[in-house]
Amino acid sequence: MPKLTINGKEAELPAGTNLIEAAKALGTEIPHFCYHPGLSVAGNCRMCLVEIEKAPKLQIACNTAVGEGMVVLTDSAKVKKARAGVMEFLLLNHPIDCPICDCAGECYLQDYYMEHDGHASRLEEGKNKKQKAQPIGPHVMLDKERCVLCSRCVRFTDEVSKTHELGIFGRGSTEEIGLAPGATLDNAYSGNVVDLCPVGALTDREFRFKSRPWFLKETATLCGGCSMGCNVILNTNTNPYNKVGQERAYRLFPRENKAVNQYWMCDEGRYTYKAVDAGRRHRTLVSGAVAEPDAALAAAAAALKAAAGPKTAFLLHPSLTNEELAAFRWLAQALGVTQVSLGADLLERGQGDGYLIQADKFPNGRGAKDQGFTLDGGAELLKAAKTGGLDALLVVGHSLADAECAELRAKLKALVGAHSQGFGGEARFDASLALAHAAEQDGSWTNVQGRVQRLNRALAPLGDSQPGWALAGALGALLGHAAPAGDAQSWFAALAANTPAFAGLSLDGLGAQGAMPAAAAAQA
Amino acid sequence: MTEHPKVLTKNFGDPAALGYEGYVANGGYLGLKKALTMQPQEIIDLVKAGNLRGRGGAGFPAAVKWGFLGKTDGPKYLCVNADEGEPGTVKDGPLMENDPHQLIEGVVIACYALGIKSAYIYIRGEFYKAIRIVQAAVDQAYAQGVIGKSVMGSAFQLDIAVHPGAGAYICGEETGLLSSLEGKKGMPKLKPPFPALKGLYGAPTIVNNVETLACVPHILTLGADAWNALGTEKNGGSKLYCVSGHVMKPGYYETRHSITLRELIYDVAGGLKPGRTLKAVVPGGSSSPILTADEIDVRMDFDSLGKAGSMLGSAAVIVMDDSTSMVRALDNLMHFYSHESCGQCTPCREGTAWLHKIMSRIVDGRGEAADIDRMLDITGNMVGNTICVLADAAAFPVQSYIKKFRPEFEEYIQGHKRLSLLGHREEPATVGAH
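As you go down the protein sequences, you meet chains L and D in turn. Numbered continuously in numbering that gives the first Met the number 0, the first sequence closes out at residue 523. Numbered continuously in numbering that gives the first Met the number 0, the second sequence closes out at residue 433.
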């Protein structure tokens, strides 16, 4: 591995590492616009110019690989002058409309201006005028004046989505990003160009004018849109003083995980954050009437107790966290319930694309399988329930049609539910409990690769809702069984102790990138 | 007075030489015949001994460039840069229009020496006549067995394709040319990797100028010594010079590298118009730093002009007499460079356009004294900071025009200041003697 020094600090890095990454490894940031580790090197923004001993002119760090004995300076007077020069050029025709720009607060131009430029414009002439606020697809708005022509978005559509909708048209300072003739930026991954855009040229049509980024809390968590479990950041805001409207979740954007989603996520997953607030079933009901959570739990326990016996079944859901599933598995064992299904056969499968998007649209089917749950069999359970084969049914997460609920009600002695989304049939349940959304709890999901990944609680559970493990624990307690665990960490610990697929893991030990259990790694 | 050899232009004016028979009758394809009897390396050594310098502008030794060609069992390419676009340059067009087989012969010899089986001739889009003539000559060369499956009966095989560009200055930059040839927007590529290792379609590629390749057959027929005798030390052969501007006989002239700029202007190009005095000369295309009237006793070879602080470039000599406004001349150039910047690199895209905006404002009578140093500072942030040298090419004239004619810029700004009491724009001032 070549040894080099950057600003006097020595480093030994694998051959082929570029100087931006090398400096990063040493804790030094080399400013850049066009470079992105997930895309090819374009080398056009010229912001990452650095001084290399013996090189006649400044070199771009993004296209320079580490070399033996290389002496690199990223903060020499020459480098600083070049950076200030590039910043001045980039801002020359920029509209500086930060007060009405969604990117303000997370804009490379703003940050680098403060750090590397800092002087007033010397332009005496008029700025170039270009088109503003042009919708270029269902999710993305383009402002050509704000664009720094780094070509990240163009390279994304060429290299990652491979859909080629975007191009750079024209020449010189009238050059602009635009759509290829007849094209619309409507590929399945189009939202990524917004994250990639270092400035406010590409903004998300859903997020536009909703919130300033500095009011948003960031939580590193997972996308639940399919079984891929893309690593994401969820932005939330619950402070009534700096927001309008009732929404708490504002947006999702991908978080780097080279083993899962690299730097990207699909549009389908990106907008799943809306379900955190929209259509929630967050009040507990007893026979259709709003009741206090304790009363609803008591009603649920009473119903289950009255119908206790071998004809009790649980219909769980593959969106539940590993901890929630573990708790319901414990409850089933404690109550002697043997008929337990995840009901995967009741759920619609989607289309996979061989890249990130999986046909299995639920995030934890693999975790349920690893815990030994029967994935299918939901239809049989419901059929049995409708034909007198069951006395009691606990439905968690499944949105059953009202007519189906009516049929179930007619035959069952006990019908208890726990849901996070409203579905219309709640009133027919003896007790309808409120289940917390995945964004409202700590826990884990196991993705399609078998990687156990961490969910972090971004928000307090809405209304009466509680994580599934809390509901299972409370029901167990009311039915005379003390739960072995009381929070996500301890339920995971219990899982690690009794389930080989989770052996050796701990919830807090999963880290930001998740963990591959030895068994799953061997299988992969 | 220098005697002017006719080597590269010996067939010029002879319409028969456009055809294969006419070209052969004038001694054509003898260089190729000789080359086919030699080992490839011997040819490269001979061109090296002939001190052939790249005539697109950089003056890099052609044989050294050939030596960089990556070794591969896969395809490798020769691309002929016929995208002549440097303002003032008019030599590659005439070479193609008057003697296309000379170019083809050079291409075949180079490809044989380098083991290349496919060559492209990338011709500037506006050169309709040259495109037609070169294509006709390529067709004849195929029909006569000069190229194709068996080059002149040998085991060597070569295909040549003529490809018209679309008229962009930047496609004369060798990697911009390759991008364009690949069907992409004509934008220069990042270096490294250099084209010799990873060029056209990712394969090792040599890009040579038309004139460079046109010289090659003559090095074969004349031998290195006779060829060198036409030039100066390390600048082998005769050279085409393009003289334009305020001279009596503008045009292209073949002569020796040893000629001085003064001789070229006064003896070859007929001197200035009556009653005029020389003010400035651009010696090697618009990008080369300008020379003043007392700097013209310089030999017109790559090294001598380099020492004089300018460059031979494409040997496009632009002569300016005392009627020229250097301010307006620079404004014109800045319009050109801002229009031709591909827009890829920030300093070039924004810098060239900014320089043009400032020059337009100065010409318009709204300049300020501070503009002069501002422009110098802007060029300081451009030079050397971009992928290709277009930014440098735009910056060098600004720097040299201001360095050598600063008082004129100051006087212009002062003398053309317009009263604009109400802040509205007035009619452009009438300036200059023309």
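C-beta atoms are modelled at their ideal positions from N, C-alpha and C, and glycine is treated no differently.
When the five nearest sequence neighbours on each side are left out, the beta carbons in the same chain lying within less than 6 Å of the beta carbon of Val147 of chain L are those of Phe32, Leu89, Val198, in order along the chain. Contact of Arg121 of chain L with chain D is assigned, a C-beta pair being separated by under 9 Å. Taking a C-beta distance under 9 Å as the contact criterion, Ala390 of chain D and Val382 of chain D qualify as a contact pair. By the Cβ rule, the stretch 442-451 of chain L counts as touching the stretch 254-268 of chain L, because three or more pairs are nearer than 8 Å. Residue contact check for Arg154 of chain L against chain D: no CB pair falls below 9 Å. Residues Val198 of the same chain have their beta carbon placed closer than 6 Å to that of Leu108 of chain L, with the five preceding and five following residues left out of the count. Proximity of Gln134 of chain D to chain L, defined by a Cβ-Cβ separation below 9 Å, is not satisfied.
Relative to the Cα of Thr63 of chain L, the nearest Cα in the group L:Glu28, L:Ala14, L:Cys97 belongs to L:Ala14. Looking at the DSSP output, Asn17 of chain L shares a beta bridge with L:Ala64. For Ile401 of chain D, no CB of chain L lies under 9 Å from its own CB, so it is not counted at the interface with that chain. In this structure, the beta-carbon distance from Lys412 of chain L to Asp441 of chain L does not fall below 9 Å. Inter-residue distance for Cys102 of chain L and Glu349 of chain D is about 22 Å (C-alpha atoms, whole angstroms). The Cβ atoms of Leu221 of chain L and Asn234 of chain L do not sit closer than 9 Å to each other. At a cut-off of 9 Å between beta-carbon atoms, Cys102 of chain L makes no contact with chain D.
Contact between Leu45 of chain D and Ile205 of chain D does not hold, since the beta-carbon distance rounds to 17 Å and is not under 8 Å. Among the CB atoms of chain D, one or more fall inside 9 Å of the CB of Leu57 of chain L. Separation of the CB atoms of Glu253 of chain D and His100 of chain D is rounded to 17 Å, and the pair is thereby denied contact status at 8 Å. The C-beta distance from Gln488 of chain L to Leu506 of chain L rounds to 5 Å, short enough to meet the 8 Å contact threshold.
Within chain L, the residues whose beta carbon sits less than 7 Å from that of Ala352 of chain D are Gly171, Ser172, listed in sequence order. In chain D, no part has a C-beta under 9 Å from the C-beta of Asn363 of chain L; the shortest such distance is about 44 Å. Judged by DSSP secondary structure, Asn363 of chain L falls outside any beta strand (DSSP E); it is assigned neither H nor E. Between the stretch 332-344 of chain D and the stretch 256-269 of chain D, the count of Cβ pairs shorter than 8 Å is below three; the stretches do not touch. With 16 or more other Cβ atoms inside 10 Å of its own Cβ, Ala514 of chain L counts as buried. Using a Cβ-Cβ cut-off of 9 Å, Val40 of chain L is close to Leu189 of chain D, given in chain order. Three or more Cβ pairs drawn from the stretch 57-77 of chain D and the stretch 107-120 of chain D lie within less than 8 Å of each other, which places the two stretches in contact.
Note on Asn384 of chain D: 16 or more other CB atoms within 10 angstroms of its CB, so buried under the neighbour-count rule. Around the Cβ of Gln338 of chain L, a 10 Å sphere holds 16 or more other Cβ atoms; the residue is buried.
Leu334 of chain L and Gly416 of chain L have their C-alpha atoms roughly 17 Å apart. Shown in chain order are the members of the stretch 337-350 of chain D whose Cβ falls below 8 Å from a Cβ of chain L: Ser337, His338, Glu339, Ser340, Cys341, Gly342, Gln343, Cys344, Thr345, Pro346, Arg348, Glu349, Gly350. Going by C-alpha positions, Gly377 of chain L is about 7 Å away from Leu314 of chain L. Judged by DSSP in its simplified three-state form, Met46 of chain L adopts coil rather than helix or strand. Interface criterion not met: the Cβ of Gly37 of chain L is under 9 Å from no Cβ in chain D.
For Val85 of chain L, a Cβ of chain D is located within less than 9 Å of the residue's own Cβ.
Within chain L, not a single residue places a beta-carbon under 9 Å from that of Gly182 of chain D; the smallest gap is close to 13 Å. Closer than 9 Å to the CB of Ile412 of chain D there is not a single CB belonging to chain L. If one requires a minimum length of 3 residues, the beta strand (DSSP E) runs lying completely within the stretch 120-204 of chain L are 139-141, 165-168, 175-178, 201-203, in chain order.
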